[in-house]
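**Q** Let me begin by handing over the structure; questions about it come next.
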Amino acid sequence: MTVSVLTIDGPSGAGKGTVSRAVAKKLGWNYLDSGSIYRSLAIAALKQAADLEDEAAIADIAQAMVLEFDCGDDLIVRLNGEDITAQLGLESTGNTASIVAALPEVRRVLLQKQKDFKQLPGLVADGRDMGTVVFPEAQNKVFLTASAAERAKRRYKQLIEKGIDANLAQITNEIEERDRRDMERKTAPLAMASDAFYIDSSDMALNAVIEEVLNLIQ
Ligand code: C5P
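Going by the working numbering, the sequence shown opens with residue -9, and the numbers climb by one from there.
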């Protein structure tokens, strides 16, 4: 039986997570937050004080890690039995994730772990290469983006609301650097699939984006 897959790719901070979770909930489908897999690997590598440029060592860590996702209202992620949810969203985790994600052997090791999420009744997969590499066969593909300035503003607001001290100029720089690293890497760079539907959310409310994606499927 064919399992329906909707892929939502795009740069960090475009709203992919919020949109994907809302759409998955509405459709009753499973949800793959592929970024959290790279983030978990970043946490594992930092914990072991591994050399982030040692491709074989990082790929071994990726191969060995056991991840559990508890998808209740709030996502809980366990790495080798330890709850790492609090560290997942840190800027430093995202930046390290984008360094280890550039290693081809790491991406090869993590490919099957991501494909395993394709289960009935359907899957919403969020990331950078969901529509191009991991699920090229997906029936519905979205490329969701927003200007770097707008993404930085949203991220800044989120941090301030959480009571975390933040600097808009620094966040903008980090977002631009992460975009560059994700787009320029040789293996599975961030790119729009030729058959993806393009949405620029810079001037859109997230609810409007969710509606647009749901319309695409129905
Ligand atoms: O989406 P998120 O910000 O959680 O992803 C963290 C990092 O993981 C990204 O900057 C990117 O380098 C990497 N990533 C990736 N491929 C994916 C998802 C995330 O390379 N499918």
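In this text, a Cβ means the ideal position worked out from N, Cα and C, and glycines have one as well. Since the model is a prediction, treat every value here as computed from it, not as a measurement.
Following a CB-centred definition, is Ala181 positioned closer than 7 Å to any heavy atom of the ligand C5P?
**A** One-based indexing of the sequence shown puts residue 181 at position 191. No, the beta carbon of Ala181 sits no closer than 7 Å to any heavy atom of the ligand C5P.
**Q** Taking only three categories from DSSP, how would you classify Gly18?
**A** Working through the sequence shown from its first residue, we reach residue 18 at position 28. Coil, per DSSP.
**Q** Does any CB atom of chain D fall closer than 8 Å to the CB of Arg98?
**A** Absent here is chain D; the protein component of the structure consists of one chain.
**Q** With DSSP run on the structure shown, which of helix, strand or coil describes Gly121?
**A** Position 131 of the sequence shown, counted from the start, is the residue given in the question as residue 121. Correct three-state label for Gly121: helix.
**Q** What distance in whole Å lies between the Cβ atoms of Gly25 and Ala87, which are believed to be in contact at a cut-off of 8 Å?
**A** For the purposes of this step, residue 87 is identified with residue 97 of the sequence shown, where counting begins at 1. For the purposes of this step, residue 25 is identified with residue 35 of the sequence shown, where counting begins at 1. That pair is a contact at about 7 Å.
**Q** When DSSP labels each residue in this structure, what does Asp169 get in the three-state scheme?
**A** Locating residue 169 in the sequence shown gives position 179, counting from the first residue. Three-state DSSP puts Asp169 in a helix.
**Q** Starting from the N-terminal side, write out each stretch of the alpha helix (DSSP H) that is 4 residues or longer and does not extend beyond the segment 93 to 146.
**A** Listed in chain order, they are 94 to 105.
**Q** Taking the beta carbon of Gly153 as the centre, do at least 16 other beta carbons fall within 10 Å, making it buried, or is it exposed?
**A** For the purposes of this step, residue 153 is identified with residue 163 of the sequence shown, where counting begins at 1. Classification for Gly153: exposed.
**Q** Quick one: Cα of Pro111 to Cα of Arg11, how far?
**A** Here the question's residue 111 lines up with position 121 in the sequence shown. Here the question's residue 11 lines up with position 21 in the sequence shown. For Pro111 and Arg11, the distance between alpha carbons rounds to 15 Å.
**Q** Tell me the residue span of the alpha helix (DSSP H) that contains Leu78.
**A** If you number the sequence shown from 1, residue 78 lands on position 88. Leu78 -> alpha helix (DSSP H) spans 75 to 78.
**Q** So the candidates are Phe187, Ser30, Ala40, Lys147; which of them puts its Cα closest to the Cα of Thr83?
**A** The residue labelled residue 83 in the question sits at position 93 within the sequence shown. Selected option, being the one with the closest Cα: Ser30.
**Q** Leaving out five residues on either side along the sequence, give the residues of the same chain with a beta carbon under 6 Å from the beta carbon of Gly0.
**A** What you label residue 0 is simply residue 10 of the sequence shown in a count that begins at 1. The answer, listed in chain order, is Lys6, Phe133, Leu134, Thr135.
**Q** Thinking C-beta only, is Lys108 closer than 8 Å to Asp185?
**A** Here residue 185 corresponds to residue number 195 of the sequence shown, with the count starting at 1. Here residue 108 corresponds to residue number 118 of the sequence shown, with the count starting at 1. No, the Cβ-Cβ distance between Asp185 and Lys108 is not below 8 Å.
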